[in-house]
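Going by my numbering, the letters in the sequence shown line up with residues 2 to 114, in that order.
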Amino acid sequence: MISSVQNVSNLSMTRALGAVDTENSASSSVATMPGTAGAANGMSFASIMGNMASDAVNSLKGAESMSFAGIKGTATTREVVDSMLQAEQTLQTAIAIRDKVVSAFLEVTKMQM
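In structure tokens, the structure reads:
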């Protein structure tokens, strides 16, 4: 079920987003925020989104395996609940990002040339 989502990181290559190059100027006076560590390392937007997608998939797979461990009796109820809550939070974040991307795409398509 979750393994079908694994190929999300390959989408950037099929849509030629992997070739997008970001410029990092040394004279930039913008302070880095805690969530912008990838930009300071010169990572592209597509690679950051791919990493986030693979982290989300790993979180969901971990929750799925923890639920199976709970059914088998090898994991405590607390571990299963913590894992499921983390997976739910990850899924909600992924849905929010998806909604923002779709909204931005619709705004771009409404622009006049």
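Even glycine gets a Cβ: it sits at the ideal position worked out from N, Cα and C.
Contact belief for residue i with residue j at Cβ below 8 Å, rounded distance in angstroms
i, j, result
"M85", "A54", "In fact, because the Cβ distance is near 20 Å, the residues do not count as touching under 8 Å."
"A57", "A97", "Actually they are not in contact, since the Cβ atoms of A57 and A97 sit about 12 Å apart, beyond 8 Å."
Nonlocal neighbours in the same chain, by C-beta distance under 8 Å from residue i, ignoring five residues either side
i, result
"S29", "Note on S29: pLDDT 39, under 50, position unreliable in the model; the coordinate value appears next. So the list is empty, once near-sequence residues are dropped."
"V81", "M67, S68, A70, G71"
"A78", "According to the sequence shown, residue 78 is Thr rather than Ala. The answer, listed in chain order, is G71."
Cβ shell of residue i (< 6 Å), same chain only, five flanking positions each side left out
i, result
"M122", "There is no way to answer for residue 122, as the model of the chain reaches only from 2 to 114."
"V109", "none"
"T91", "A57, S60"
"D83", "none"
Cβ-heavy atom distance, residue i to the ligand PLP, below 7 Å
i, result
"M112", "This structure simply doesn't include the ligand PLP, nor any ligand for that matter."
Own chain partners of residue i with C-beta closer than 7 Å, once the 5 adjacent residues on each side are dropped
i, result
"Q93", "none"
"A76", "M67, A70"
"M112", "none"
Three or more C-beta pairs below 8 Å linking the region 62-76 and the region 94-106: no
Alpha helix (DSSP H) runs wholly inside the region 69-111, at least 4 long, in chain order: 78-111
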